[in-house]
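Novice: For the numbering used here, count along the sequence shown from 1 and bump the result up by 812. All C-beta atoms, glycine included, are put in the ideal place defined by N, C-alpha and C.
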Amino acid sequence: MTALSKRTLYEVHTQTDLCSTQNTFSQTETQIDEARVVIAESTRHNVVLLADSHGRGLAGMLGRTLNEATTVLGIVKPAAGIDTVAQSLQDEVKNLGKADTVIVMAGSNNQSLQDEVKNLGKADTVIVMAGSNNMSNCYDSDEIHKVVDHFRFIMDHTRHTNAIINTIPFTCFDNDINKIIEHINYKIFNLSKQYDHVNVLCINNIIYLEDYIRDGFHLKSKAKKLVCVVYGQLTQIVSETNLTTVFDNCDNYLFT
813 MTALSKRTLY EVHTQTDLCS TQNTFSQTET QIDEARVVIA ESTRHNVVLL
863 ADSHGRGLAG MLGRTLNEAT TVLGIVKPAA GIDTVAQSLQ DEVKNLGKAD
913 TVIVMAGSNN QSLQDEVKNL GKADTVIVMA GSNNMSNCYD SDEIHKVVDH
963 FRFIMDHTRH TNAIINTIPF TCFDNDINKI IEHINYKIFN LSKQYDHVNV
1013 LCINNIIYLE DYIRDGFHLK SKAKKLVCVV YGQLTQIVSE TNLTTVFDNC
1063 DNYLFT
């Protein structure tokens, strides 16, 4: 395979629409397979980003944030929940080592997560940004419990590795919902105290309501770049030292 440039960036948008053409799907699969070969043969630090539409463009931004010895593979699945995104995870992480990082940005149906992260170790990190899609029913107390239970599931099944859990981002639509989101975020933080391997990243200290585009759901490019700077600090230092050093450098963004 042709050698790639120092800073290797791949971002592949898969088609989740049932009306997608087979040709488009085949081209996408070819790109993914090529990127997998790069990951498998690489002796460098690898970052795999698996995301729903929130992650569009983040692979390139993250790659430019990290040093030139890093390979970034981003697989974006628009409109996908975490269950769909996680189905890709097993293939993508099988060639990763203890200096590599997996980032998951998706919804909060986490039933596939247990099998997908079982090969990660204590030198690896799982970053989870999830929960926004559950907020349409957040006035239902049962739904709130379900959301917290989703995060409990993630924490339970990442004990063998390190987990960075993003709090749920605020919405542009309803301040009452934001109060509930804040309540849930504190529940997530309090839950995390039971797990030595979990740290909670306060995403709402990084992005604000003005950072969203008009649809009120997706982030502006400038906000994505800022998120990537934080992820870049976390992932790069993890590959070189340990999480204690990472969080010493990112105190402003963490629940304490």
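For Asn987, report the span of its alpha helix (DSSP H) as first-last.
Specialist: Run containing Asn987: 987 to 1004, per the alpha helix (DSSP H) assignment.
Novice: Please classify Ser1004: is it buried, with 16 or more other beta-carbons within 10 angstroms of its beta-carbon, or exposed?
Specialist: Ser1004 should be labelled buried.
Novice: Smallest Cα separation from Thr983: which of Val1010, Glu994, Lys1034?
Specialist: Per the Cα distances, Glu994.
Novice: Helix or strand or just coil, what does DSSP make of Ile1018?
Specialist: Three-state result, Ile1018: coil.
Novice: Is it buried or exposed for Ile1018, if we count other Cβ within 10 angstroms and need 16 for buried?
Specialist: By the 10 Å Cβ count, Ile1018 comes out buried.
Novice: For Tyr1024, which three-state DSSP category applies?
Specialist: Correct three-state label for Tyr1024: strand.
Novice: List the endpoints of the continuous beta strand (DSSP E) containing Leu1013.
Specialist: Run containing Leu1013: 1010 to 1013, per the beta strand (DSSP E) assignment.
Novice: Have a look at Lys1034 and Cys1014 and give me their C-alpha separation to the nearest angstrom.
Specialist: Their Cα atoms are separated by approximately 18 angstroms.
Novice: DSSP on Ile966, reduced to helix/strand/coil?
Specialist: DSSP places Ile966 in helix when its eight states are reduced to three.
Novice: If I measure Cβ to Cβ from Asn1016 and keep anything under 7 angstroms in the same chain, skipping five residues before and after, which residues do I get?
Specialist: Contacts found: Thr979, Pro981, Phe982.
Novice: Tell me where the alpha helix (DSSP H) around Arg876 begins and ends.
Specialist: Its alpha helix (DSSP H) spans residues 870 to 877.
Novice: Would the beta-carbon of Val960 fall within 8 angstroms of that of Lys991?
Specialist: In this structure, Lys991 does not lie closer than 8 angstroms to Val960 by Cβ.
Novice: For Asn997, which residues of its own chain have a beta-carbon under 7 angstroms away from its beta-carbon, when the five flanking residues on both sides are left out?
Specialist: Answer for Asn997: Thr979, Ile980, listed in chain order.
Novice: Rounded to whole angstroms, what is the Cα-Cα separation between His957 and Arg964?
Specialist: His957 and Arg964: Cα-Cα distance of roughly 10 angstroms.
Novice: What number of angstroms, rounded off, separates the C-alpha of Thr970 from the C-alpha of His1009?
Specialist: For Thr970 and His1009, the distance between alpha carbons rounds to 8 angstroms.
Novice: Is the Cβ-Cβ distance between Ile976 and Ile966 less than 8 angstroms?
Specialist: Not a contact, by the Cβ cut-off of 8 angstroms.
Novice: Consult DSSP for Ile980 and reduce its assignment to one of helix, strand or coil.
Specialist: If DSSP states are grouped into helix, strand and coil, Ile980 belongs with coil.
Novice: Looking only at C-alpha atoms, which of Tyr1020, Glu955, Met873, Asn1011 sits nearest to Asn987?
Specialist: Considering only alpha carbons, the answer is Tyr1020.
Novice: Nearest-angstrom Cα distance between Glu955 and His1030?
Specialist: So the alpha carbons of these two residues sit roughly 23 angstroms apart.
Novice: Got a sec? Which residues, its chain only, sit under 8 angstroms from Val1025 by beta carbon, not counting five neighbours each side?
Specialist: Note that residue 1025 is Ile in the sequence shown, not Val. Closer than 8 angstroms at the Cβ level, and outside the excluded window around Ile1025, lie Leu1031, Lys1032.
Novice: Under 8 angstroms, do Tyr1043 and Leu874 count as touching if we go by C-beta distance?
Specialist: Their beta carbons are under 8 angstroms apart, which means Tyr1043 touches Leu874 by this criterion.
Novice: Should Asn1002 be labelled buried (16 or more other beta-carbon atoms within 10 Å of its own) or exposed?
Specialist: Classification of Asn1002: exposed, given that the 10 Å Cβ count is below 16.
Novice: Less than 8 angstroms between CB atoms is the rule here; does Asp1023 satisfy it with respect to chain C?
Specialist: Of the chains in the structure shown, none is chain C; there is only one protein chain.
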